[in-house]
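Protein chains in written order, with the working numbering: chain A, 692 to 983; chain B, 8 to 308.
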């Protein structure tokens, strides 16, 4: 019985772990998607702040004789803030890009994969977000992307034609890149990506902790069940069995004390008690007949 | 329940837990990453002022291919930053924002400054007979460098050896009427021909500028090749596997980078020029469209 119980417990645990594995997988992906959405919303807020509060102060300096100050650029602010965020261990695995088809700084130039995402946003303007997996030389990555749309006329000061752009910008980035943008056009995408390994790691940690808790619970429950069964059922049954054997030889000397119990063991003991008494009467009758 | 059953009850779930929890053990590797967790790589055209205007002289495909190669070599996510402006690249180096960089000679000399501590790994570029010069229009009244007092001068941005540091070094003590900058020598030449400036910095290895101009001065320092450099933090790590992968894949590198798998950086040739860069860096710096007195303590080598 003990083996049967342990097998039942183990199979239950295995089944639970398999179900939880699937569940934690969804949960980990959901958590990463939520975080990614939060990052992108935060970066949009940073962009907004830069456009409204920083750019009006810094941009005029870029028209002067000094060097170009990228602090006036929303994309620069968002990327810089994210770099600070990423310095925290919890976010180290995340990477954030503002990839564009025709960026001013070629660091932000979309690669083939990013280009396909941006093109899909341009072809389907109603799409607000896409997510999925991509393969890189470092392995598989989970990504979430949102379109970057030119919503303000002020953006076009630096991105329409070189003659409108500050001289310092042309000296910093040249006059070939980042021009020709149009209002309301999707020019790029915010892309947050996380290694699948991080997702698996997160899932594994949750699964291992839960599986350990389940195992401890199952073992404790098993041991307690075993002790209770032993005390309440197995030992009384062994005693009844032993007394029944003794009663088959000398029924008068045996008493089934368990008969006072009100449970099934008590019923069994009462039955054996009646059988013992019947056996004793039968044996007495047999003896009486044999007397001359 | 017997001991065997109890043992089964404890051990079986443990084994199953271990099986469930420990699948997909990650493969150990030693990636060469910067302090940010990724490898930030700056890419400049190793030939100063060549002026491709497409991001360090690389096409989109070449940039993507170089990024993948660096990712494989380092085992780390790569943030590739191609730049055309030596001034911006200089600022990135000064702020130690790059973990590795493909640099032209002027920026190599700047990166090797003691306080920045970059280490050169491999020479870059193909230009061997590069000399810095100052050009004026054929009919210009300017005959000597000292005639540049009050003249309008066109230079490459700060960070260029032949287009900025050497010409300024040679113009020490002069008061220039106005300094203008351009990202490449072709634009400077166009400015000179349009009469926007009186003199420009030039590189003698560029194609012949034609009969409309003449040389006011040619500097005697031979300009060495650029270098692939590594930050001091990464140079302390085991970067040899990274370098070996790059060496093995040298043929796949964009030709314009001029990566030499077997070459050693031209440190000896660079040393006197590094002293000039250090010296000029300590002077007051010209601003776009402004008059400028080339002023500072000059150390002659």
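The beta carbon of each residue, even a glycine, is placed where N, CA and C say it ideally should be.
Who are the Cβ neighbours of residue i in its own chain at under 7 angstroms, not counting the five residues just before and after it?
{"i": "residue 116 of chain B", "result": "168, 277, 280, 281, 284"}
{"i": "residue 901 of chain A", "result": "711"}
{"i": "residue 765 of chain A", "result": "738, 741, 742"}
{"i": "residue 39 of chain B", "result": "46, 81, 82, 83, 241, 244, 246, 249"}
{"i": "residue 79 of chain B", "result": "252"}
{"i": "residue 779 of chain A", "result": "none"}
{"i": "residue 213 of chain B", "result": "192"}
{"i": "residue 852 of chain A", "result": "870"}
Just to confirm my understanding: we take residue i, look at its own chain, exclude 5 residues before and 5 after, and list those with CB closer than 6 angstroms. What are they?
{"i": "residue 41 of chain B", "result": "47, 106"}
{"i": "residue 207 of chain B", "result": "142, 161, 195, 199"}
{"i": "residue 268 of chain B", "result": "254, 257"}
{"i": "residue 120 of chain B", "result": "none"}
{"i": "residue 260 of chain B", "result": "266"}
{"i": "residue 767 of chain A", "result": "761"}
Determine whether the beta carbon atoms of residue i and residue j lie at a separation below 8 angstroms.
{"i": "residue 183 of chain B", "j": "residue 266 of chain B", "result": "no"}
{"i": "residue 192 of chain B", "j": "residue 210 of chain B", "result": "yes"}
{"i": "residue 826 of chain A", "j": "residue 787 of chain A", "result": "no"}
{"i": "residue 704 of chain A", "j": "residue 909 of chain A", "result": "yes"}
{"i": "residue 869 of chain A", "j": "residue 751 of chain A", "result": "no"}
{"i": "residue 942 of chain A", "j": "residue 971 of chain A", "result": "yes"}
{"i": "residue 883 of chain A", "j": "residue 785 of chain A", "result": "yes"}
{"i": "residue 153 of chain B", "j": "residue 800 of chain A", "result": "no"}
{"i": "residue 950 of chain A", "j": "residue 961 of chain A", "result": "yes"}
{"i": "residue 831 of chain A", "j": "residue 824 of chain A", "result": "yes"}
{"i": "residue 113 of chain B", "j": "residue 166 of chain B", "result": "yes"}
{"i": "residue 85 of chain B", "j": "residue 175 of chain B", "result": "no"}
{"i": "residue 885 of chain A", "j": "residue 850 of chain A", "result": "no"}
Within a Cβ cutoff of 8 angstroms, which residues of the same chain sit near residue i, ignoring the five residues on either side of it in sequence?
{"i": "residue 913 of chain A", "result": "696, 697, 700"}
{"i": "residue 984 of chain A", "result": "Here chain A has residues from 692 to 983 only, and residue 984 of chain A is not among them."}
{"i": "residue 87 of chain B", "result": "48, 50, 70, 73, 74, 77"}
{"i": "residue 295 of chain B", "result": "186, 187, 188"}
Along the chain, where does the alpha helix (DSSP H) containing residue i start, and where does it finish?
{"i": "residue 908 of chain A", "result": "887 to 920"}
{"i": "residue 964 of chain A", "result": "955 to 981"}
{"i": "residue 255 of chain B", "result": "247 to 255"}
{"i": "residue 41 of chain B", "result": "That residue, residue 41 of chain B, is in no alpha helix (DSSP H); it is neither H nor E in DSSP."}
{"i": "residue 222 of chain B", "result": "Looking at the DSSP string, residue 222 of chain B is not in any alpha helix (DSSP H); the run it does join, the beta strand (DSSP E), is 220 to 225."}
{"i": "residue 278 of chain B", "result": "274 to 288"}
{"i": "residue 71 of chain B", "result": "67 to 81"}
{"i": "residue 748 of chain A", "result": "746 to 753"}
{"i": "residue 113 of chain B", "result": "112 to 118"}
Alpha carbon to alpha carbon, what distance is there between residue j and residue i?
{"i": "residue 34 of chain B", "j": "residue 82 of chain B", "result": "For residue 34 of chain B, the predicted model reports a pLDDT of 39, less than 50, meaning its position is unreliable and no value from the coordinates is stated."}
{"i": "residue 139 of chain B", "j": "residue 790 of chain A", "result": "38 angstroms"}
{"i": "residue 159 of chain B", "j": "residue 732 of chain A", "result": "49 angstroms"}
{"i": "residue 857 of chain A", "j": "residue 753 of chain A", "result": "6 angstroms"}
{"i": "residue 757 of chain A", "j": "residue 103 of chain B", "result": "21 angstroms"}
{"i": "residue 186 of chain B", "j": "residue 293 of chain B", "result": "7 angstroms"}
{"i": "residue 72 of chain B", "j": "residue 730 of chain A", "result": "29 angstroms"}
{"i": "residue 845 of chain A", "j": "residue 202 of chain B", "result": "34 angstroms"}
{"i": "residue 124 of chain B", "j": "residue 118 of chain B", "result": "7 angstroms"}
{"i": "residue 828 of chain A", "j": "residue 707 of chain A", "result": "35 angstroms"}
{"i": "residue 860 of chain A", "j": "residue 172 of chain B", "result": "22 angstroms"}
{"i": "residue 30 of chain B", "j": "residue 44 of chain B", "result": "With a pLDDT of only 44 at residue 30 of chain B, under the threshold of 50, the placement of this residue in the model should not be trusted, and no figure is reported."}
{"i": "residue 239 of chain B", "j": "residue 273 of chain B", "result": "19 angstroms"}
{"i": "residue 95 of chain B", "j": "residue 151 of chain B", "result": "32 angstroms"}
{"i": "residue 289 of chain B", "j": "residue 878 of chain A", "result": "42 angstroms"}
{"i": "residue 887 of chain A", "j": "residue 727 of chain A", "result": "14 angstroms"}
{"i": "residue 235 of chain B", "j": "residue 270 of chain B", "result": "11 angstroms"}
{"i": "residue 803 of chain A", "j": "residue 721 of chain A", "result": "27 angstroms"}
{"i": "residue 973 of chain A", "j": "residue 955 of chain A", "result": "27 angstroms"}
{"i": "residue 687 of chain A", "j": "residue 923 of chain A", "result": "As shown, chain A starts at 692 and ends at 983. That puts residue 687 of chain A outside it, with no answer to give."}
{"i": "residue 897 of chain A", "j": "residue 934 of chain A", "result": "53 angstroms"}
Under DSSP, the beta strand (DSSP E) around residue i begins and ends at which residues?
{"i": "residue 48 of chain B", "result": "46 to 51"}
{"i": "residue 161 of chain B", "result": "159 to 162"}
{"i": "residue 826 of chain A", "result": "821 to 827"}
{"i": "residue 236 of chain B", "result": "233 to 237"}
{"i": "residue 106 of chain B", "result": "Where residue 106 of chain B is concerned, there is no enclosing beta strand (DSSP E), given that its DSSP letter is neither H nor E."}
{"i": "residue 91 of chain B", "result": "Premise fails: residue 91 of chain B is in no beta strand (DSSP E) and is neither H nor E."}
{"i": "residue 129 of chain B", "result": "126 to 131"}
{"i": "residue 836 of chain A", "result": "830 to 840"}
{"i": "residue 298 of chain B", "result": "297 to 300"}
{"i": "residue 787 of chain A", "result": "786 to 791"}
{"i": "residue 929 of chain A", "result": "That residue, residue 929 of chain A, is in no beta strand (DSSP E); its alpha helix (DSSP H) goes 926 to 938."}
For the putative contact between residue i and residue j, defined by C-beta atoms under 8 angstroms, what is the C-beta separation to the nearest angstrom?
{"i": "residue 769 of chain A", "j": "residue 737 of chain A", "result": "5 angstroms"}
{"i": "residue 111 of chain B", "j": "residue 54 of chain B", "result": "7 angstroms"}
{"i": "residue 809 of chain A", "j": "residue 792 of chain A", "result": "6 angstroms"}
{"i": "residue 836 of chain A", "j": "residue 820 of chain A", "result": "7 angstroms"}
Do we get a CB-CB distance below 8 angstroms when we pair residue i with the residues of chain D?
{"i": "residue 88 of chain B", "result": "In the structure shown, chain D cannot be found, because the protein chains are A and B."}
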